[in-house]
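Let me begin by presenting the structure, written as structure tokens, before commenting on it.
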Amino acid sequence: MMTPEKILYETEVTATGGRDGKAASTDGLLSVSLSVPKSLGGPGGEGTNPEQLFAAGYAACFLGAVKLVARTRKVVPSAEPSVTARVAMGPVPVGYALAVELKVNLPGVEKAVAEQVVAGAHERCPYSNATRGNITVKLTLV
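Here our numbering is used: position 13 in the sequence shown is 415, and no number is missing along the way.
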């Protein structure tokens, strides 16, 4: 188990109403409506869902780690890099589990070098550290 030596940032979000409710941060910067997707038996709707929020957080965090590793290794992409997180949810013997694919775009970077940057990012990203050994995370260069 990993525990931070020092807390650098902390946030708090409260969900009400479950998957068909709302979620808001105590600082007021995040406030979203939640809807159950039709594929999960819900009505769909205009709200987001926990899987989309997780995907957004993981993609942004992993991109930060990619940029850090690239910078420390003096790797300069030819255009702005990006990460797309695909989060899937499905049943397991007891409950449900997630599976993630992170699609990393490092324009103009040689494949072998890009693979090293992505591997380094996967070692450093807090989301990767939180999920490692718990869910499948596939890393794909695009």
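The beta carbon of each residue, even a glycine, is placed where N, CA and C say it ideally should be.
Beta-bridge pairing by DSSP links E503 to R488, K540. Contact between the region 470–484 and the region 442–454 is absent: fewer than 3 CB-CB pairs across the two stretches fall below 8 Å. For T418, there is no enclosing alpha helix (DSSP H); the enclosing beta strand (DSSP E) covers residues 415–418.
In the assembly as shown, N531 is an exposed residue. Its beta-carbon has fewer than 16 other beta-carbons within 10 Å. Looking only at L455, G497, S480, G449, the smallest Cα-Cα distance to Y529 is reached by L455.
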